[in-house]
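Undergrad: For the sequence shown, position 465 (counting from the first letter as 1) is numbered 464 according to numbering that gives the first Met the number 0, and the numbering increases by one without interruption.
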Amino acid sequence: MLRNLALIVALSSTLMSCTKHSDVPENAVQYPLRVNLSSLDPAQSSNEATNEVVPNMFEGLLQYHYLKRPLVVIPLLAEALPQVSKDGLTHTFKIKKGVRFHDSTAFPNGKGREVTAQDFVYSWKRLADPASKSEGWWIFDGKIKGLNEWRDRLSKGEATYDTPVEGLSAPDTHTLVVKLAKPYYQLHYVLTMAYASVVPREAIEKFGAEFMNNPVGTGPYLFESWIRGNKVTLNKNPNWHGESYPTEGEPGDKEAGLLVDAGKALPFIDRLVFHEMPEDQPRWLNLMKGAVDFSGIPKDSFDAAVQNQKELKPELGAKGIRLFIYPWPDVVYMGFNMEDSLVGKNPELRKALCYAYDQKTASQKFYNDRVLTAHSPIAPDMDGYDPEFKLPCKEYSLSKAKEALKKAGFPEGKGLPPIEYSTNASTTGRQFAEYTAQQLEKIGVKLNIVTNSWPQFQDRLRNKKAQMFGLAWGADYPDAENMLQLFYGRNVSPGPNNTNFKNKDFDSLYEQAQKLPSGPERTRLYKKMRDIFARELPWIPTVHRLGYMLAHGWVLNLKPHEIIDGHYKYLRIDTTKKKELKAKL
0 MLRNLALIVA LSSTLMSCTK HSDVPENAVQ YPLRVNLSSL DPAQSSNEAT NEVVPNMFEG
60 LLQYHYLKRP LVVIPLLAEA LPQVSKDGLT HTFKIKKGVR FHDSTAFPNG KGREVTAQDF
120 VYSWKRLADP ASKSEGWWIF DGKIKGLNEW RDRLSKGEAT YDTPVEGLSA PDTHTLVVKL
180 AKPYYQLHYV LTMAYASVVP REAIEKFGAE FMNNPVGTGP YLFESWIRGN KVTLNKNPNW
240 HGESYPTEGE PGDKEAGLLV DAGKALPFID RLVFHEMPED QPRWLNLMKG AVDFSGIPKD
300 SFDAAVQNQK ELKPELGAKG IRLFIYPWPD VVYMGFNMED SLVGKNPELR KALCYAYDQK
360 TASQKFYNDR VLTAHSPIAP DMDGYDPEFK LPCKEYSLSK AKEALKKAGF PEGKGLPPIE
420 YSTNASTTGR QFAEYTAQQL EKIGVKLNIV TNSWPQFQDR LRNKKAQMFG LAWGADYPDA
480 ENMLQLFYGR NVSPGPNNTN FKNKDFDSLY EQAQKLPSGP ERTRLYKKMR DIFARELPWI
540 PTVHRLGYML AHGWVLNLKP HEIIDGHYKY LRIDTTKKKE LKAKL
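Right, dumping it as structure tokens:
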């Protein structure tokens, strides 16, 4: 924990940096990031801060409709949804004409050129290149004809970026043909992700590893600056290809004022400023002062903002602040490194730790009960989620925990060495770890807590150095496959399978499910995979969260959803209302 003096200094400097806005115009959005940025390269967009910032500068072929629920995929840089062959294996995209990369010194005379289909071929090859070390490789791994083979040949020096790949071709400048190695019913979902964004080869070759600090995309906002650990600033792109605000949504959107700007040209905001604020209290204080425009609610501030779990406190409503409550398709968990000789090889030990964790108290203490208890990796409202399914060890029972610990070979914890628990260095991360340590101490298990910055934490997971760790997974797209792939054997670290779980039966079911469209047969396979998870317990699933967000009344067109990225282009700031409401803060 920080000393009091250090905390006061940190809060003071944060408030000063976020309340002096001489360089920020009135028509700007300021948002606090809960974790530090790790990169501005879409190939490295693996953390929530990067995914908040990067999609404003980079674009792919497809995106989600901003207002419709359930989520609907629509074109972005594609002219339309692709033509798909009868067998589902060939997808032909027509690329919009006139889309240009941002101006950059990487181009002749500093002027961005037009995007072509070949740029997508290059960008997706780059994602496959082992030298890129992208965690996003999983979206194409084993999916596109010849791409894995090209990746292998490239690593051996037997291929270059100019070597053709059967499944990626550009028969003309604005036609991209994607041939799949097998059915991939999630393709259109993953093409909405930042990983699949188009990047210019010239910029990658000019900047190399420094591309992460010199991003060049096609999006509605241009990179201005990034002060590490402080803030990143983006400005409106005057040469953007353009897009219009949606003209339809779902029932209630019109009444909520979400269609006032229907059909108008985007974006509305001149500047975006993202402040890196890993600590809860600075985010809350800056929100209350109006120094940031909207934010989630820290757990320690929940009672100051919300009453009866779903109503905004009147004193905040009087200041024009609004409350948004929305589904959050995620799961929070404690993972085990299944290659570890202690925790990974002893299922009774993992079961003992699960029984010893008091979820009810944790949900009250850390989430103000803004959660559902998680019994599997599959989030609510997704295919395969069963509200009636109960994970046996989620029953808090110290007696059953001690019994399992005895079966594990460590009665009362005797002979069990300390377990190393890795977490990020945020206040919440440390508190979670300390709570977990207190719970496990009741059955004689000792945790050694190792705190890390977010990049350090990621490195520990990628390099299989974390014995036990706390993490959350927010769904990348609305399909349970996205969560079940976290246990697929081919996805072990440095891929998204951070637990390095390998099970032949699970892998076989996963591969069968990938060949099926949405329907009862695929649901049945999802539930079988869930049952294997429950038996092997590579995680202790804890909760599925609900999203709670506060926004000042001057922020218009806000409709939060955790899966939709790049939503800032839809937002509007009412500058007149902003002046009026700021006077009340």
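Here a beta-carbon is modelled for each residue, glycine too, at the ideal position from N, C-alpha and C.
Can you give me the C-alpha to C-alpha distance between P129 and Y160, rounded to a whole angstrom?
TA: Here the question's residue 129 lines up with position 130 in the sequence shown. Here the question's residue 160 lines up with position 161 in the sequence shown. In a straight line, the C-alpha of P129 is about 12 angstroms away from that of Y160.
Undergrad: Is it right to say E419 is buried, meaning 16 or more other beta carbons lie within 10 angstroms of its own, or is it exposed?
TA: For this step, residue 419 is matched to residue 420 along the sequence shown. Buried, since its Cβ has 16 or more Cβ neighbours within 10 Å.
Undergrad: How about the region 49-67 and the region 213-221: do they share at least three Cβ pairs that are nearer than 8 angstroms?
TA: The way I'd put it, the region 49-67 does touch the region 213-221; three or more beta-carbon pairs between them come closer than 8 angstroms.
Undergrad: Could you tell me the alpha carbon to alpha carbon distance between I51 and G135, rounded to whole angstroms?
TA: Along the sequence shown, read from residue 1 onward, the residue named residue 51 stands at position 52. Along the sequence shown, read from residue 1 onward, the residue named residue 135 stands at position 136. Position check: residue 51 holds Glu in this sequence, whereas Ile was assumed. Roughly 16 angstroms between the two C-alpha positions.
Undergrad: Can you list, in chain order, the residues of its chain whose CB lies under 6 angstroms from that of D211, leaving out five sequence neighbours each side?
TA: One-based indexing of the sequence shown puts residue 211 at position 212. One point to set straight first is that residue 211 is Met, not Asp, in the sequence displayed. Cβ neighbours of M211 beyond the five flanking positions: S38, L39, D40.
Undergrad: Roughly how many whole angstroms lie between the Cα atoms of T89 and K178?
TA: Working through the sequence shown from its first residue, we reach residue 89 at position 90. Working through the sequence shown from its first residue, we reach residue 178 at position 179. Between T89 and K178, the C-alpha separation is close to 5 angstroms.
Undergrad: When you compare only the Cα positions, how much space is there between K253 and Y244?
TA: Here residue 253 corresponds to residue number 254 of the sequence shown, with the count starting at 1. Here residue 244 corresponds to residue number 245 of the sequence shown, with the count starting at 1. If I take the Cα positions, the gap works out to 13 angstroms.
Undergrad: Could you check which residue in N46, L549, R33, E579 has the C-alpha nearest to that of K312?
TA: Walking along the sequence shown from the start, residue 312 turns up at place 313. The shortest Cα separation from K312 among N46, L549, R33, E579 belongs to L549.
Undergrad: If you follow the beta strand (DSSP E) that Q308 is part of, which residue opens it and which one closes it?
TA: Here residue 308 refers to the residue found at position 309 of the sequence shown. Secondary structure note for Q308: it is in no beta strand (DSSP E), with a DSSP letter that is neither H nor E.
Undergrad: Could you give the DSSP three-state label for Y567: helix, strand or coil?
TA: Position 568 of the sequence shown, counted from the first residue, corresponds to residue 567. The answer is helix: DSSP assigns Y567 an H, G or I state.
Undergrad: Taking only runs of the alpha helix (DSSP H) that begin and end inside the region 410-464, which ones reach a length of at least 4 residues, in chain order?
TA: 426-440, 453-461
Undergrad: Measuring CA to CA, which of A208, S103, I138, A317 is closest to N236?
TA: On the sequence shown, position 237 is the one that residue 236 refers to. Answer by Cα proximity: S103.
Undergrad: Using a Cβ-Cβ cut-off of 7 angstroms, state whether K318 counts as contacting chain C.
TA: Chain labels in this structure do not include chain C; a single protein chain is all it has.
Undergrad: When we look at the beta-carbon of L61 and count the other beta-carbons within 10 Å, is it buried (16 or more) or exposed?
TA: Taking the sequence shown and counting its residues from 1, the one referred to as residue 61 is at position 62. Answer is buried; the Cβ neighbour count reaches 16.
Undergrad: Return the chain-ordered list of same chain residues with a C-beta closer than 6 angstroms to the C-beta of M276, the five sequence neighbours on each side being excluded.
TA: For the purposes of this step, residue 276 is taken as the residue at position 277 of the sequence shown. For M276, where only same-chain residues beyond five positions count, the Cβ hits under 6 angstroms are P31, R282.
Undergrad: Put T246 into one of helix, strand or coil per three-state DSSP.
TA: On the sequence shown, residue 246 is found 247 positions in, with the first residue counted as 1. Residue state, collapsed to three classes: coil.
Undergrad: Per DSSP, what kind of secondary structure is L61 in: helix, strand or coil?
TA: In the sequence shown, residue 61 corresponds to position 62, counting from 1. In this structure, L61 counts as strand in the three-state DSSP scheme.
Undergrad: Quick one, are the C-beta atoms of W553 and L584 less than 7 angstroms apart?
TA: The count along the sequence shown starts at 1 and reaches residue 553 at position 554. The count along the sequence shown starts at 1 and reaches residue 584 at position 585. No; because the gap between Cβ atoms is not below 7 angstroms, this pair is not in contact.
Undergrad: Candidates K85, K393, D357, P495: which alpha carbon is nearest I138's?
TA: Position 139 of the sequence shown, counting from 1, holds the residue named residue 138. Of K85, K393, D357, P495, the residue nearest in Cα terms is P495.
Undergrad: Output needed for Q438: all residues of its chain with C-beta closer than 7 angstroms, excluding positions within five of it in sequence on either side, in chain order.
TA: For the purposes of this step, residue 438 is identified with residue 439 of the sequence shown, where counting begins at 1. If we look at Q438 and ignore the five residues flanking it on each side, its Cβ neighbours are A355, Y356, D357.
Undergrad: What residue range is occupied by the uninterrupted alpha helix (DSSP H) comprising H187?
TA: The residue given as residue 187 occupies position 188 in the sequence shown. From DSSP, the alpha helix (DSSP H) with H187 extends over 186-189.
Undergrad: What distance in whole Å lies between the Cβ atoms of P540 and A373, which are believed to be in contact at a cut-off of 8 angstroms?
TA: Position 374 of the sequence shown holds residue 373. Position 541 of the sequence shown holds residue 540. Contact holds; Cβ gap of about 4 angstroms.
Undergrad: Just to check my reading of the structure: F431 and G473 have Cβ atoms closer than 8 angstroms, yes? What is that Cβ distance to the nearest angstrom?
TA: For this step, residue 431 is matched to residue 432 along the sequence shown. For this step, residue 473 is matched to residue 474 along the sequence shown. With a Cβ gap of about 17 angstroms, F431 and G473 do not count as contacting.
Undergrad: What are the boundary residues of the alpha helix (DSSP H) that includes Q29?
TA: As a working note, residue 29 is residue 30 in the sequence shown. For Q29, there is no enclosing alpha helix (DSSP H); the residue is part of the beta strand (DSSP E) that begins and ends at 27-32.
Undergrad: So for F505, helix, strand or coil by DSSP?
TA: For the purposes of this step, residue 505 is taken as residue 506 along the sequence shown, with counting starting at 1. Helix.
Undergrad: Could you name the residues that DSSP lists as bridge partners for N234?
TA: Position 235 of the sequence shown, counted from the start, is the residue given in the question as residue 234. Answer is L221, R270.
Undergrad: I'd like to confirm the pairing. Which residues does DSSP put opposite H90 in its beta bridges?
TA: Counted from its first residue, the sequence shown places residue 90 at position 91. DSSP output for H90 lists V83, V177 as bridge partner(s).
Undergrad: Hey, out of V120, L352, G207, whose CA is closest to K144's CA?
TA: In the sequence shown, counting from the first residue as 1, residue 144 sits at position 145. With distances taken between Cα atoms, K144 lies closest to V120.
Undergrad: Take E78 as the anchor and find which of P493, I442, K96 has the nearest alpha-carbon.
TA: Counting from one through the sequence shown, the residue named residue 78 turns up at place 79. Ranking the options by Cα distance to E78, first place goes to K96.
Undergrad: Are the CB atoms of P266 and K464 nearer to each other than 7 angstroms?
TA: Counting from one through the sequence shown, the residue named residue 266 turns up at place 267. Counting from one through the sequence shown, the residue named residue 464 turns up at place 465. Not closer than 7 angstroms, so no.
Undergrad: I need the straight-line Cα distance from I268 to P24, nearest angstrom please.
TA: What you label residue 268 is simply residue 269 of the sequence shown in a count that begins at 1. What you label residue 24 is simply residue 25 of the sequence shown in a count that begins at 1. The alpha-carbon atoms of I268 and P24 are separated by roughly 10 angstroms.
Undergrad: Can F92 and P199 be called in contact, C-beta distance under 7 angstroms?
TA: Taking the sequence shown and counting its residues from 1, the one referred to as residue 92 is at position 93. Taking the sequence shown and counting its residues from 1, the one referred to as residue 199 is at position 200. Against a cut-off of 7 angstroms, the Cβ pair of P199 and F92 comes out as no contact.
Undergrad: Kindly confirm or deny that the region 446-461 and the region 506-519 touch, where touching means at least three C-beta pairs closer than 8 angstroms.
TA: no
Undergrad: Quick check: the region 571-580 against the region 65-81, are at least 3 beta-carbon pairs closer than 8 angstroms?
TA: no
Undergrad: Looking only at DSSP bridge pairs, what is N496 linked to?
TA: The residue you call residue 496 lines up with position 497 of the sequence shown. Bridge partners of N496: V491.
Undergrad: I need the DSSP call for Y384, collapsed to helix, strand or coil.
TA: As a working note, residue 384 is residue 385 in the sequence shown. Coil at Y384, not helix or strand.
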